[in-house]
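Chains as they are written, first to last, in my numbering: chain A, 4 to 342; chain D, 8 to 146.
Note that CB positions come from ideal geometry on N, CA and C, so glycine has one too.
For reference, the structure is listed below as structure tokens.
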Amino acid sequence: MSQLLDSSDRVYRKKLHAAAQHMGCAATEAAVIERCRNQANLRCDAIDPALTPAERLVVLADVASVHFEIVRSDAELDEVAARYASAGELGFALRRVRFDAELLAAILRRQHAGAGERLFVALIDARRHKDAMAFFSQAHEVAHPVLEPQLAFDFREETAKRDQWEALVDRVGSEMVFGGKLWADAASRTFRSPARLAVQHLFDLKNSMARDASLTAVALAAANHTEHAALVVWAGEERSKRDPAPALRILQSTPNGIASTEATFIHHKRRVPRSSPIAISHVSGASCEGFEDLATWIGSDGRPLTSRQVWTAAYPMRGNVFAVIDFGPGGSWSSLATR
Amino acid sequence: MAASLGTRIRKLREKHALTQQSLAERAGMSISFLSEIENDKRNCSGRMLLQLSTALGTTMDYLARGVEPAPSTHHNEPTSIPPELAEAAEQAGLSYRATVTVHEAYRQIVARRGTEPDRKPTSAEWLAMYRALRKYIEE
């Protein structure tokens, strides 16, 4: 196993080094992300400095020579796979069955591109539950040719940690699409101190800037424009091995850039205390915001999280709760909360 | 003389069998405006160029400067048939051309997004992939 991890880590470093070399920057994640963000801003600002993320996606797809095929039904998927196969581009037909599993998107390099045609075609599966991820899948697929201009890497190497590279592609796609002055200003306003963030503000941001994006993608991209650590979380009723009684627990917790750097996170399956706005929102079925102390979050081992005053904005959705936990300036809102 | 912006737009429009009216509608501009651009009587703003490139499935770089996207060197690299595919080909009695076509189709997908693990296909999976492509290979 350790050999496998070493091998995948090597592959990751090799890819990062190649991307950095192509972009002429240091071979670090931060430098590569910054270079991609700056390049994207340059190309988008040349069209209009006030583009929404949805408009930036159109520009960036053009720059990366990516054409999108977005399918919303089985019939559409079959039609696209057959149309490209008939034109000698067999890649989608070959992967057709995989889309019925968990494949969200695939990018094909055209072998028979005519004069002026885009070089890559990204097939985005927006059928059923995948619809919510379709916008972000497009951002992700646009980031691939930027990070891997030759796309000559052997993706078929067996790696246990391949997701490390895909996580970077996710981050780059998000930074490129959710960028520019218009977005930065709107995102900063959403997280403006003193802490008064409500999920409704994120809905407003989504509806005005990127209607097709998921709430999670919008919240995370907005959280990356605050100077506070923040977590975007989903909570729902679940059991755990240690504590088999169903309880409201963290199902998914995604850190923004600062939280990621500071290793600030809440474990998957951590029980949500009854006093948390997340639990109140779950019980009441209404949105709820407020300060809470993370020391009230007790694990199944009886140990609490380190005491920190955080601002939690929660909103009930489809039986679960969506929430943003804002750690405030310096990692805690303590001074403000105790006023 | 090198082709102009207007010529490239017109050629692509004709290639896609679009009338000036249908392209103008797709790109959100008037026919008279499009006609003037095609006849090089008007300059095109960045936003207009983007609308046209999106509507024509091309890039702004191509429309403005005739720059084709750089083809990847990937497909010029020598390919070797994976042993699992060779085994599948032998079992199913596939021709060399069919085997290479399946392999090329597999290599054509350069990246994907999903939770499935990334690993080498087994010979049974190669065979399933051939079956998915058989009707196109045999056409």
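Cβ-based neighbour list, residue i, same chain, cut-off 7 Å, excluding 5 preceding and 5 following
i, result
"residue 89/D", "127"
"residue 184/A", "52, 53"
"residue 133/A", "107"
"residue 174/A", "36"
"residue 260/A", "227"
"residue 225/A", "190, 193, 194, 205, 208"
"residue 155/A", "Residue placement at residue 155/A is flagged as unreliable, the pLDDT there being 46, under the threshold of 50; the coordinate-derived value follows with that caveat. Nothing meets the Cβ criterion."
"residue 2/A", "This structure does not reach residue 2/A, given that chain A is present from 4 up to 342, and the question cannot be answered."
"residue 288/A", "319"
Beta-carbon proximity of residue i to residue j, cut-off 8 Å
i, j, result
"residue 139/A", "residue 220/A", "yes"
"residue 65/D", "residue 19/D", "yes"
"residue 208/A", "residue 189/A", "yes"
"residue 142/A", "residue 119/A", "no"
"residue 223/A", "residue 145/A", "no"
"residue 327/A", "residue 171/A", "no"
"residue 334/A", "residue 311/A", "yes"
"residue 152/A", "residue 69/A", "no"
"residue 299/A", "residue 284/A", "no"
"residue 62/A", "residue 63/D", "no"
"residue 130/D", "residue 75/D", "no"
"residue 47/D", "residue 12/D", "yes"
"residue 109/A", "residue 126/A", "yes"
"residue 65/A", "residue 61/D", "yes"
Own chain residues within Cβ distance below 6 Å of residue i, not counting five before or after
i, result
"residue 15/A", "167, 168"
"residue 157/A", "Because the pLDDT of residue 157/A is 33, which lies under 50, any placement of that residue in the model is unreliable, and the number read from its coordinates should be weighed accordingly. The answer is none, since no qualifying residue turns up."
"residue 84/A", "95, 96, 99"
"residue 21/A", "none"
"residue 301/A", "307"
"residue 19/A", "30"
"residue 15/D", "70"
"residue 47/A", "54, 59, 62, 183"
"residue 28/A", "34, 38"
"residue 45/D", "13, 16, 17"
Residue i, buried or exposed, once every other Cβ within 10 Å from all chains shown has been counted against 16
i, result
"residue 307/A", "exposed"
"residue 315/A", "buried"
"residue 249/A", "exposed"
"residue 322/A", "exposed"
"residue 212/A", "buried"
"residue 17/A", "exposed"
"residue 271/A", "exposed"
"residue 80/D", "A caution first: residue 80/D carries a pLDDT of 49, below 50, which makes its placement in the model unreliable, though a value can still be read off. Label assigned to residue 80/D: exposed."
"residue 115/D", "buried"
"residue 143/D", "buried"
"residue 115/A", "exposed"
"residue 236/A", "buried"
"residue 274/A", "buried"
"residue 137/D", "buried"
"residue 17/D", "buried"
"residue 136/A", "buried"
"residue 44/A", "buried"
Nonlocal neighbours in the same chain, by C-beta distance under 8 Å from residue i, ignoring five residues either side
i, result
"residue 203/A", "290, 318"
"residue 187/A", "228"
"residue 25/A", "152"
"residue 268/A", "234, 256, 258, 262"
At a CB distance below 8 Å, what residues from the region 190-222 of chain A approach chain D? Give them in sequence order.
none
Within the region 195-270 of chain A, note down every full alpha helix (DSSP H) run reaching 4 residues or more, in order along the chain.
202-212, 218-226, 260-264
Residues of the region 56-68 of chain D whose Cβ lies closer than 7 Å to any Cβ of chain A, in chain order:
57, 60, 61, 64, 65, 66, 67
Contiguous beta strand (DSSP E) assignments of at least 3 residues, all confined to the region 107-134 of chain A:
Segments of the beta strand (DSSP E) lying fully in the region 107-134 of chain A: 108-112, 123-128.
List in chain order: all unbroken alpha helix (DSSP H) runs of 4+ residues lying wholly within the region 37-98 of chain D.
DSSP assignment within the region 37-98 of chain D yields the following whole alpha helix (DSSP H) runs of 4 residues or more, N-terminal first: 38-45, 53-63, 67-72.
If the cut-off is 8 Å on Cβ atoms, which residues from the region 26-43 of chain D count as contacting chain A, listed in chain order?
none
Give me the subset of the region 110-121 of chain A whose CB atoms are less than 9 Å from a CB atom of chain D, sorted by chain position.
Listed in chain order, the positions of the region 110-121 of chain A with a beta carbon within less than 9 Å of a beta carbon of chain D are 110, 111, 112, 113, 114, 116, 117, 118, 119, 120, 121.
When Cβ atoms are compared, which residues of the region 131-146 of chain D fall closer than 7 Å to chain A?
136, 139, 140, 143
Please give the ranges of any beta strand (DSSP E) in the region 33-99 of chain A, keeping only runs that are unbroken, at least 3 residues long and fully inside the region.
Complete beta strand (DSSP E) runs here, min 3: 69-74.
Listed in chain order, which residues of the region 91-106 of chain D have Cβ atoms closer than 9 Å to some Cβ of chain A?
None of the residues of the region 91-106 of chain D has a beta carbon lying less than 9 Å from any beta carbon of chain A.
For the region 53-68 of chain A, enumerate the residues whose C-beta is nearer than 7 Å to any C-beta of chain D, in chain order.
61, 62, 65, 68
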